[in-house]
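A short worksheet on the structure shown next.
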Amino acid sequence: MNARHTETSLVWGHSALRVVIAISPDGVVSIRELGAGDPGPRPPAQPLVEVLLAGQGRARASHRFSDTAVGRRFTYVGAEQARDGRWHELRITLRDEHTGLEAHAHLRSAEGVPAVRSWTTITNRGVREAVVLGVTSFAAGFPAGSADGLQVVRADSEWLGESRWRVRPLREEMADLNLPLHGQDGRGRLAVTSTGAWSTGQHLPTAGLLDPHSGRAWLWQIEHNGPWRWEIGERRDGVYVALLGPTDIDHQWHTVLAPGESFTTVPASVTVSSGGPHGAYDGLQGAYDELQGVYDGLHGAAAALTAHRRALLRPHPDRTRLPVVFNDYMNTLMGDPTTAKLLPLIDAAAEAGAEGFCIDAGWYDDDGDWWDSVGEWQPSQTRFPRGIEEVLGRIRERGMIPGLWLEPEVIGVRSPMADKLPAEAFLQRGGTRIVEHGRYHLDLRHPAAVAHLDEVVDRLVEQLGVGYFKLDYNIDPGAGTDVHAVSPGAGLLACNRAHLAWLEAVLDRHPGLILENCASGAMRMDYALLSRMQLQSTSDQQDPLRYPPIAVAAPLSVLPEQSASWAYPQPDMDDERVAYSLCTGMLGRLYLSGHLPTMTAAQRESVRAAVTAYRGIRAGLAEAAPVWPLGLPGWADPWLSLGLVTPGHTYAGVWCRTDEPAAASLSLPHLAGRRVDVEVVYPRHLPAWDVEWDQERGRLTLTKPVSGPSARILRISPVSSSSPVSSPLL
Numbered sequence: 001m002n003a004r005h006t007e008t009s010l011v012w013g014h015s016a017l018r019v020v021i022a023i024s025p026d027g028v029v030s031i032r033e034l035g036a037g038d039p040g041p042r043p044p045a046q047p048l049v050e051v052l053l054a055g056q057g058r059a060r061a062s063h064r065f066s067d068t069a070v071g072r073r074f075t076y077v078g079a080e081q082a083r084d085g086r087w088h089e090l091r092i093t094l095r096d097e098h099t100g101l102e103a104h105a106h107l108r109s110a111e112g113v114p115a116v117r118s119w120t121t122i123t124n125r126g127v128r129e130a131v132v133l134g135v136t137s138f139a140a141g142f143p144a145g146s147a148d149g150l151q152v153v154r155a156d157s158e159w160l161g162e163s164r165w166r167v168r169p170l171r172e173e174m175a176d177l178n179l180p181l182h183g184q185d186g187r188g189r190l191a192v193t194s195t196g197a198w199s200t201g202q203h204l205p206t207a208g209l210l211d212p213h214s215g216r217a218w219l220w221q222i223e224h225n226g227p228w229r230w231e232i233g234e235r236r237d238g239v240y241v242a243l244l245g246p247t248d249i250d251h252q253w254h255t256v257l258a259p260g261e262s263f264t265t266v267p268a269s270v271t272v273s274s275g276g277p278h279g280a281y282d283g284l285q286g287a288y289d290e291l292q293g294v295y296d297g298l299h300g301a302a303a304a305l306t307a308h309r310r311a312l313l314r315p316h317p318d319r320t321r322l323p324v325v326f327n328d329y330m331n332t333l334m335g336d337p338t339t340a341k342l343l344p345l346i347d348a349a350a351e352a353g354a355e356g357f358c359i360d361a362g363w364y365d366d367d368g369d370w371w372d373s374v375g376e377w378q379p380s381q382t383r384f385p386r387g388i389e390e391v392l393g394r395i396r397e398r399g400m401i402p403g404l405w406l407e408p409e410v411i412g413v414r415s416p417m418a419d420k421l422p423a424e425a426f427l428q429r430g431g432t433r434i435v436e437h438g439r440y441h442l443d444l445r446h447p448a449a450v451a452h453l454d455e456v457v458d459r460l461v462e463q464l465g466v467g468y469f470k471l472d473y474n475i476d477p478g479a480g481t482d483v484h485a486v487s488p489g490a491g492l493l494a495c496n497r498a499h500l501a502w503l504e505a506v507l508d509r510h511p512g513l514i515l516e517n518c519a520s521g522a523m524r525m526d527y528a529l530l531s532r533m534q535l536q537s538t539s540d541q542q543d544p545l546r547y548p549p550i551a552v553a554a555p556l557s558v559l560p561e562q563s564a565s566w567a568y569p570q571p572d573m574d575d576e577r578v579a580y581s582l583c584t585g586m587l588g589r590l591y592l593s594g595h596l597p598t599m600t601a602a603q604r605e606s607v608r609a610a611v612t613a614y615r616g617i618r619a620g621l622a623e624a625a626p627v628w629p630l631g632l633p634g635w636a637d638p639w640l641s642l643g644l645v646t647p648g649h650t651y652a653g654v655w656c657r658t659d660e661p662a663a664a665s666l667s668l669p670h671l672a673g674r675r676v677d678v679e680v681v682y683p684r685h686l687p688a689w690d691v692e693w694d695q696e697r698g699r700l701t702l703t704k705p706v707s708g709p710s711a712r713i714l715r716i717s718p719v720s721s722s723s724p725v726s727s728p729l730l
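For what it's worth, the working numbering labels the leading residue of the sequence shown as 1, then goes sequentially.
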């Protein structure tokens, strides 16, 4: 392995993943192959680890994280393999003799899943301090001959408009500069970054590269609840990908390593779909058997990412129960709960079949102006004259889990806690507490901040019997804090990690507690948090017509069984609109709201029917793989569809937003050549849609015969040639 006259290689992986690590004659290490099938063209020799040091810089001037001076000099020292349950592990050691810097590149992959989780630890083995400006969590060349023909898939996100995906030719982002003619690598790159603590507030840390010709694809996610950067760049020998947490140039982050000190990056994961005759699913079970050899490219990598995310999850009983939760906020009480308003809602939610009831914002407010006074988290006496215990008791009496909204990381500027906690318990810049939208931000590195939040959670759980928290996060503190940190970004990274440690400790003390991740909707939808929390709010969008593209796109970012999209039917809606709103929440975590007590009997029955139907399919959703029969949703598309493929059935949600009757054709190639039974899961009481199945092509044509927006949840099941097939009318 240490020979210098020829290239050597290290092969690692398992039944669904093959990784080949190439070691050049001069000892430089790169990933030659990362795939699940046909390895494809040789990728560029992108160094495995890139480290930007203030005293070393890049080998050539640019703003890229490719070919840093240290990255070029890192040489192979050794490798260790291990097994941790279903996880295969590889640690590669590199060293830069010039600076004495040592790097450990960690790779970890779950058996049967074509994905790898990657992070880097660097240690200063030299005699001088090292000022570190950036370290890659993952860096590798993509297996394609050139950037020509490649596509990049990425998403923008913002409050009310989350998860807006698009697929574009990479050449629209990077011009063909004829680099071989110039004999030099390029200097440009497509760099996408997120700043502050809203990790998904502007762009998503999930993205990918697709090769439509071969079917090869990578999808990646950066698993950090703070700043990150991913970049794609072109070298003379091909295209590389680099994934990072915070950096100096983007996030005011740097760290200083004294001799003997270490730094570990945030983790990132890459999933692969390699095309070829076997697709990306050899060795996978359940739903993936349905997809084996059929889907590659984006769908193949998305299915692999879904399996990988499930492997990352912290064990929790919620994973098998997936209870239906009613929340009183959206388009209902809107932060103004009282005993008089809640008791009828609780009864109506229970009658509809809800299994949890969350009292959202306002339960702690006595004066009607609570935004900048939050932080003590004591129940209001004016809103609940006989105590909040009466309301929580009614929730339990009706057989539901009591829940409360909480925004733990903030203290309002008018809150009594603002003066009870020491100044060091808050994020600061230059000795001044950071204020955003009338709130201070707690620093969970400080024991007083942790003790305060632990007291709040333990009191609410142990004394009031709360079993569910909606954890919101409605401010972004910016670059970070300079308290006990060499840079604001370093302070923020430490705070991000302290937040994760706090969540872990909460669940260690209360292992059955259900935690919903929310940040003004989905402004912090990352797998640092979602590997620990049980479900994710996908949006604050109040317009039921604009919500479906968010719900349909969500499984590319978050597991279906964690994806909580609002279903908020209202008394003033007609029957189709009620069903349309309910369908939006059904292929994920059904998250109910709405003025149920004032609905008609028929409307309430429609809600009950949706909940009953959801209970019948939810177990399958927890092992489903997502597909998009009409492609990834566009924000203004008239037709939208999400498919969830389970071992026995394919569930398809279809939304039509046109006013007139219309038709659409769903692509379901995994069912091609098979007879199918198509039935309505919900709503069964409304006019039927016409259905035509093209068995040869695997296409299902649906015709909406009614005027106005309409939606249906369908179950599509393969049947034997001798079995009867249901009517072509739904």
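Cβ atoms here follow ideal geometry from the backbone N, Cα and C, with glycine treated the same way. Predicted model only: the values in this text are computed from it and were never measured.
DSSP three-state assignment for residue i, whether helix, strand or coil
i, result
"W12", "strand"
"W228", "strand"
"S740", "The requested residue 740 is not part of the displayed model; the chain covers only 1 to 730."
"N178", "coil"
"R26", "Here the sequence assigns Asp to residue 26, which means Arg is not the residue at that position. Reduced to three states, the DSSP call for D26 is coil."
"S707", "coil"
"L94", "strand"
"G283", "Because G283 sits at a pLDDT of 31, beneath the cut-off of 50, its placement in the model cannot be relied upon, and the following sentence gives the value as read from the coordinates. In the structure shown, G283 sits in coil (DSSP, three-state: anything other than H, G, I, E or B)."
"P135", "As written in the sequence, residue 135 is Val, which differs from the Pro given in the question. In this structure, V135 counts as strand in the three-state DSSP scheme."
"L621", "helix"
"T612", "helix"
"Y364", "coil"
"G603", "First, the residue type needs correcting, since residue 603 is Gln and not Gly in the sequence shown. Three-state result, Q603: helix."
"P47", "strand"
"S557", "coil"
"H499", "helix"
"G643", "strand"
"V457", "helix"
Pair within 8 Å by beta-carbon distance, residue i and residue j
i, j, result
"H254", "V131", "yes"
"L94", "V49", "yes"
"H582", "A551", "The displayed chain sequence assigns Leu, not His, to residue 582. No. Outside cutoff."
"V28", "P47", "yes"
"S146", "G238", "yes"
"Y651", "L714", "yes"
"L705", "P687", "The identity of residue 705 in the sequence shown is Pro, whereas the question assumes Leu. Against a cut-off of 8 Å, the Cβ pair of P687 and P705 comes out as a contact."
"T703", "W689", "yes"
"R64", "R189", "yes"
"K470", "L406", "yes"
"M523", "G85", "no"
"R91", "A79", "yes"
Rounded C-alpha distance that separates residue i from residue j
i, j, result
"G279", "G226", "Interpretation of G279 is limited by its pLDDT of 36, a score under 50 that renders its predicted location unreliable; no figure is taken from the coordinates."
"P569", "A622", "25 Å"
"T265", "T481", "19 Å"
"A140", "T338", "56 Å"
"L204", "V270", "15 Å"
"N474", "S380", "21 Å"
"E33", "Y295", "21 Å"
"L700", "V645", "15 Å"
"L210", "S487", "37 Å"
"L507", "A498", "14 Å"
Burial state of residue i, where buried means 16 or more other Cβ atoms lie within 10 Å
i, result
"E162", "buried"
"L284", "Note that L284 scores 36 on pLDDT, short of 50, meaning its location in the model is unreliable; the coordinates nonetheless yield the value given after this. Buried, since its Cβ has 16 or more Cβ neighbours within 10 Å."
"T598", "exposed"
"H308", "buried"
"T99", "buried"
"S137", "buried"
"V127", "exposed"
"L177", "exposed"
"D26", "exposed"
Nearest-angstrom beta carbon gap, residue j and residue i [assumed within contact, 8 Å]
i, j, result
"L442", "A449", "4 Å"
"R229", "D250", "5 Å"
"I388", "L333", "Contact doesn't hold; Cβ gap of about 14 Å is too wide."
"L170", "E561", "Contact flag wrong, Cβ pair sits at about 33 Å."
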